[in-house]
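Reading through the structure tokens given below for one structure.
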Amino acid sequence: MNEINFSVSPILTFFLNEGVPFETIKLILMLPIIATLIAFLRQVIGIKAFGIYTPLLVTFAFLATDGLRYGILIFVMIILIGMLMRIALKSFRLLYLPRVAIMLTIVALSILLMLAIGGSLKRTGLASVSIFPILIMITLVEKFIAVQIEKGDRAAILLATETLLISILGFYIASWEVLIHFIAFYPWVILLTIPLNVIIGKWTGLRLSEYLRFGEIIKRS
Amino acid sequence: MFEFIKKSRGILGMNARNLEYIRPFNRVSAKRLADNKLLSKRVLKKNDIAVPALISQIKSLEDLDGFDWQKLPDSFVLKPNRGFGGEGIVVVYGRKKRRDDAWVKADGSIITINDLKNHTRNILDGSYSLSGIPDIAFFEERLKLLKLFKPYAYKGIPDIRIIVFNKMPIMAMLRLPTKESHGKANLAQGAIGVGIDLASGVTTTAVLGKQKIIEYVPGTRLLLSGIKIPYWMDILNIAVRSQEISNLGFLGVDVAIDKERGPVILELNARPGLAIQVANLDGLKGRLKKAAGIKIKTVKKGIRVGMDLFGGEIEEELEEISGKKVIGAIEKVRLIGKDGKEIEIEAKIDTGADWSSIDNALAQQLGYGSALEEFEKLNISYDDLKNTNRDERRKLYEKIPDIISAIPVKSSHGYTYRPMINIEFVMDNITTSTKMTIVDRSHMQYPMIIGKVNLKKFLIDTSK
């Protein structure tokens with residue numbers, strides 16, 4: 005990616021000349037766009053996910069694992085282990101943080117095992133996945149457990165699924181060539197996300213999901 | 003499509019709830035009160051509002067170490083101070099026989115002192131508190147289930163959620179714990195929410211969990227509509243009063259009814275959920291908008307206005323099914339006299355009388371004075387008329403305008419014949435043209451009674 009074969013704005017040229025990698029600039033400029041997307045999905049569409057931070061991080065973890073396949077695999081594995089471990093640890097009646105620590109340990113070991121199996125199956129892509137995105141995704145476990153305790157298994161699985169969907173959508177948007185070229189040429193458009201978020205932040209209409217939730221009232225009134 | 007959008011306008015969504023109601027009407031300090039169960043308990047109690055009695059509290063690990071578990075009563079509830087959604091609550095029903103370190107829980111399972119200690123430690127750690135901050139655990143009295151609710155509730159206490167805004171009750175629902183909700187009265191966990199008609203305190207429609215509209219308690223033939231909530235006025239009263247006390251402009255009050263103590267406030271909610279709309283099959287936003295413009299000075303007034311504005315669904319439904327209007331024992335009636343003269347009075351509904359009748363003085367005011375005079379002038383006694391038939395009687399009074407006939411009326415001095423006139427009256431927006439007798443009601447409270455012939459279009463609700 006060192007060679008940029010499309011036109012970029014003078015500001016970006018300056019950054020690039022200073023030695024900032026294009027990949028870094030791209031991710032930083034995409035961040036406000038993905039964040040705005042998540043805000044929009046929450047307030048207007050009604051897809052909740054685990055807040056804004058988690059889907060954002062998972063999106064970037066996906067971008068950094070270079071391809072969705074392994075990202076989704078790791079994500080699903082983490083959630084599955086989280087669920088199983090909750091059942092396994094239930095009878096121990098442990099305090100919250102130690103319990104999360106045990107879960108993190110098991111998840112970490114499982115990932116390690118998975119990487120090893122991937123390597124032995126000659127799935128080199130899996131083994132070469134860089135460690136930081138994996139670590140980021142492991143922290144999902146805490147979010148997942150917190151929601152499980154607060155709102156139960158079903159809500160936690162629903163939110164995890166929503167997080168996964170948002171992150172996949174975010175992944176496709178952030179790796180969309182047209183958008184990347186556009187932002188490289190007009191980097192200032194990301195400032196438009198601020199007024200856009202002001203509008204979203206004042207939106208008091210029903211969310212799309214609420215039309216479904218309250219459909220019975222509308223039907224019968 | 004347009005219709006759909008229009009109808010959805012009355013519904014309160016999450017965005018509007020947060021931006022238009024919670025932000026402007028629930029101040030930070032008021033929210034703090036609601037989120038702190040011990041504090042709101044104390045404040046409500048100080049203002050003479052019934053709350054579950056506090057047994058003791060554990061504030062720290064040192065408290066926990068020094069806690070005397072033996073002094074706990076046979077039954078109690080252990081709660082986190084800042085818990086929400088009913089999480090972290092342990093309900094203990096009684097002591098385990100022949101053991102001094104164990105109790106029995108709602109589902110019959112045993113809970114030991116060690117279990118309780120562990121749970122308390124979790125509470126102190128903040129496992130059940132909003133955003134996980136360290137918390138206080140407290141023990142309070144276990145409320146006893148009302149007999150009425152026994153068949154409806156699964157192993158827990160039902161409660162009544164009331165939304166209060168601008169000193170008015172806006173909407174209410176009864177929450178019934180189910181097996182799926184593990185005895186918790188929380189809709190998100192699968193409890194049943196039953197809408198309540200604000201005016202009568204009678205349940206209407208019901209929802210299971212978040213969305214499923216139901217008519218019966220699942221697995222039974224127990225109808226969920228038509229349950230009359232006892233102490234309804236008292237419940238509305240403490241709900242609205244607790245708004246005054248808490249200063250929460252947009253408030254969800256949870257009230258439970260104890261078998262012995264009557265209604266008690268379980269907790270105040272600064273961020274009430276939206277499921278109440280599904281239980282009532284009606285939107286909150288429409289009601290809140292209606293309530294916003296009205297100036298309410300006293301609690302009493304607020305309750306009355308709220309009941310009038312948002313209640314009466316049951317009555318409307320009844321009227322729809324039967325095609326009849328529901329009236330009370332005393333109703334406002336507008337009489338239309340001669341030359342279009344109108345007088346409004348209160349009339350007594352009398353199902354023991356065949357005909358309606360009005361007082362002499364009222365008849366005079368309505369323009370029947372001269373007719374009445376001429377009737378008296380003829381001075382035909384009861385005995386004279388006793389053996390006449392209807393047609394013969396009619397003939398006798400033919401000459402007097404307005405008077406159609408005379409019918410026998412029983413009064414304190416035996417039977418008399420009283421004149422009958424044709425007149426129109428309006429009751430509950432229904433105009434009736436009818437024959438009516440004129441009698442002496444000067445010693446009665448109401449100048450008019452409405453008898454059976456004029457009540458065919460109405461149903462009478464004596465509690466109205």
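Line by line, the protein sequences are chains G and Y.
Per our numbering, the very first residue in the first sequence carries number 5; after that it's consecutive.
Per our numbering, the very first residue in the second sequence carries number 3; after that it's consecutive.
Just so it is clear, CB atoms sit at the ideal spot from N, CA and C, and this is done for glycine as well.
TODO: Could you tell me whether the Cβ atoms of P54 of chain Y and E142 of chain Y are closer together than 7 Å?
DONE: Result yes, Cβ atoms of P54 of chain Y and E142 of chain Y sit closer than 7 Å.
Task: Outcome for A408 of chain Y when other beta-carbon atoms lying within 10 angstroms are tallied against a minimum of 16 - done: When all chains shown are included, A408 of chain Y counts as buried.
Open item on the list: I'd like to check one pair, G313 of chain Y with L200 of chain Y: are the Cβ atoms closer than 7 Å?
Closed with: With respect to G313 of chain Y, L200 of chain Y sits close: the two C-beta atoms are nearer than 7 Å.
Open item on the list: One question on the structure: do I278 of chain Y and M429 of chain Y come within less than 7 Å of each other, judged by their Cβ atoms?
Closed with: Cβ atoms of I278 of chain Y and M429 of chain Y: not closer than 7 Å.
Task: Residue-level contact to chain G via CB, L46 of chain Y, 7 Å cutoff - done: No, L46 of chain Y does not count as interfacial toward chain G.
Task: When Y:S244, Y:E22, Y:K350 and Y:I345 are compared against A331 of chain Y, the one with the closest alpha-carbon - done: Of all alpha-carbon atoms in Y:S244, Y:E22, Y:K350 and Y:I345, the one lying nearest the alpha-carbon of A331 of chain Y is that of Y:K350.
Open item on the list: Any C-beta of chain Y within less than 8 Å: which residues of the stretch 74-100 of chain G qualify?
Closed with: From the stretch 74-100 of chain G, only R97, L99 and Y100 have a Cβ closer than 8 Å to chain Y.
Task: Residue of Y:I115, Y:G88, Y:I298 and Y:P410 minimising C-alpha distance to D67 of chain Y - done: Minimum Cα distance to D67 of chain Y is reached at Y:I115.
Task: Alpha-carbon spacing of L118 of chain Y relative to L14 of chain Y, whole angstroms - done: Each residue's alpha carbon lies about 40 Å from the other.
- [ ] For my contact list, R90 of chain G and I149 of chain G are in at a C-beta cut-off of 8 Å; report their separation, rounded to the angstrom.
- [x] Between R90 of chain G and I149 of chain G, the beta carbon gap of about 7 Å places them in contact (Cβ cut-off 8 Å).
- [ ] Answer yes or no: does any C-beta atom of chain Y fall closer than 7 Å to that of E27 of chain G?
- [x] Residue contact with chain Y for E27 of chain G: absent (no Cβ-Cβ distance below 7 Å to any residue of chain Y).
TODO: Step through the CB atoms of chain G and report whether any lies within less than 7 Å of the CB of K112 of chain Y.
DONE: This sequence places Ile at residue 112 of chain Y; Lys is not what is there. Chain G contact via Cβ: absent.
Task: V257 of chain Y classed as buried or exposed, judged by whether at least 16 other C-beta atoms fall within 10 angstroms - done: So V257 of chain Y ends up on the buried side.
Open item on the list: By the three-class DSSP mapping on this structure, what secondary structure does F136 of chain G have?
Closed with: Helix at F136 of chain G.
TODO: Spell out whether any CB of chain Y is found under 7 Å from the CB atom of I222 of chain G.
DONE: True, the Cβ-Cβ gap to chain Y drops below 7 Å.
Open item on the list: Among Y:L56, Y:E246 and Y:I24, whose alpha-carbon lies nearest the alpha-carbon of L268 of chain Y?
Closed with: Looking at the Cα atoms, Y:L56 is the closest of the given residues.
Task: Of the residues G:V182, G:A53, G:L108 and G:T63, the one placed nearest V1 of chain G, counting alpha carbons only - done: Residue 1 of chain G is absent from the structure shown; chain G starts at 5 and stops at 225.
Open item on the list: Any contact between the stretch 6-20 of chain Y and the stretch 200-211 of chain G? By contact I mean 3 or more CB pairs, one from each, below 8 Å.
Closed with: The answer is yes - the stretch 200-211 of chain G touches the stretch 6-20 of chain Y, with three or more Cβ pairs under 8 Å.
Open item on the list: At the level of alpha carbons, what is the spacing between M170 of chain Y and G158 of chain Y?
Closed with: Cα to Cα, the separation comes out at about 29 Å.
Task: Short CB-CB distance (under 7 Å) between M5 of chain G and chain Y - done: Low per-residue confidence applies at M5 of chain G: pLDDT is 43, beneath 50, and the placement is therefore not dependable, though the value from the model is reported in the following sentence. Not an interface residue.
Open item on the list: Can you give me the C-alpha to C-alpha distance between I125 of chain Y and R97 of chain G, rounded to a whole angstrom?
Closed with: Spanning the two alpha carbons is a distance of roughly 12 Å.
TODO: Assign K359 of chain Y to one of three DSSP states: helix, strand, or coil.
DONE: The identity of residue 359 of chain Y in the sequence shown is Ser, whereas the question assumes Lys. Looking at S359 of chain Y - three-state DSSP - the assignment turns out to be strand.
- [ ] Answer with buried or exposed for Q447 of chain Y, where buried requires no fewer than 16 other C-beta atoms within 10 angstroms of its C-beta.
- [x] Counting the other Cβ atoms within 10 Å of the Cβ of Q447 of chain Y gives fewer than 16, which makes it exposed.
TODO: If I'm right that R123 of chain Y touches L99 of chain G with Cβ under 8 Å, what's the distance once you round it to whole angstroms?
DONE: Contact holds; Cβ gap of about 6 Å.
TODO: Could you please tell me which residues of the stretch 159-178 of chain G, in chain order, have their CB closer than 9 Å to any CB of chain Y?
DONE: For the stretch 159-178 of chain G, the residues whose beta carbon sits under 9 Å from a beta carbon of chain Y are, in order, A159.
Open item on the list: Among Y:L364, Y:T205 and Y:N249, whose alpha-carbon lies nearest the alpha-carbon of E319 of chain Y?
Closed with: Just measuring C-alpha positions, the residue of Y:L364, Y:T205 and Y:N249 sitting nearest E319 of chain Y is Y:T205.
TODO: Note down, in chain order, all residues in the stretch 214-232 of chain Y with a beta-carbon under 7 Å from any beta-carbon belonging to chain G.
DONE: Residues passing the 7 Å Cβ filter: I215.
TODO: Return yes when at least one heavy atom of the ligand MG lies under 6 Å from the C-beta of L119 of chain G, else no.
DONE: By its list of ligands, the structure shown contains no ligand whatsoever, and the ligand MG lies outside what it can speak to.
Task: Among Y:D393, Y:I440, Y:I259 and Y:K181, nearest to G221 of chain Y - alpha-carbon criterion - done: Comparing C-alpha distances from G221 of chain Y to each of Y:D393, Y:I440, Y:I259 and Y:K181 shows the shortest one belongs to Y:K181.
Task: Inter-residue spacing [alpha-carbon to alpha-carbon] between E22 of chain G and L290 of chain Y - done: Using only the alpha carbons, I get a separation of about 58 Å.
Task: Short CB-CB distance (under 7 Å) between F18 of chain G and chain Y - done: At a cut-off of 7 Å, the C-beta of F18 of chain G has no neighbouring C-beta in chain Y.
- [ ] Check whether the Cβ atoms of I91 of chain Y and A139 of chain Y lie closer than 7 Å to each other.
- [x] The criterion of a C-beta distance shorter than 7 Å is not satisfied by I91 of chain Y and A139 of chain Y.
Task: Within chain G, partners of A18 of chain Y - CB distance below 7 Å - done: Those within 7 Å of A18 of chain Y in chain G are T208.
Open item on the list: Can you tell me where the beta strand (DSSP E) holding T300 of chain Y begins and where it ends?
Closed with: Per DSSP, T300 of chain Y lies in no beta strand (DSSP E) and is assigned neither H nor E.
Task: Local Cβ density within 10 Å of A294 of chain Y, reported as buried at 16 or more and exposed below that - done: Exposed: under 16 other Cβ atoms inside 10 Å.
- [ ] Can you tell me the Cβ-Cβ gap for I49 of chain G and S213 of chain G, rounded? I've got them flagged as a contact below 8 Å.
- [x] With a Cβ gap of about 7 Å, I49 of chain G and S213 of chain G count as contacting.
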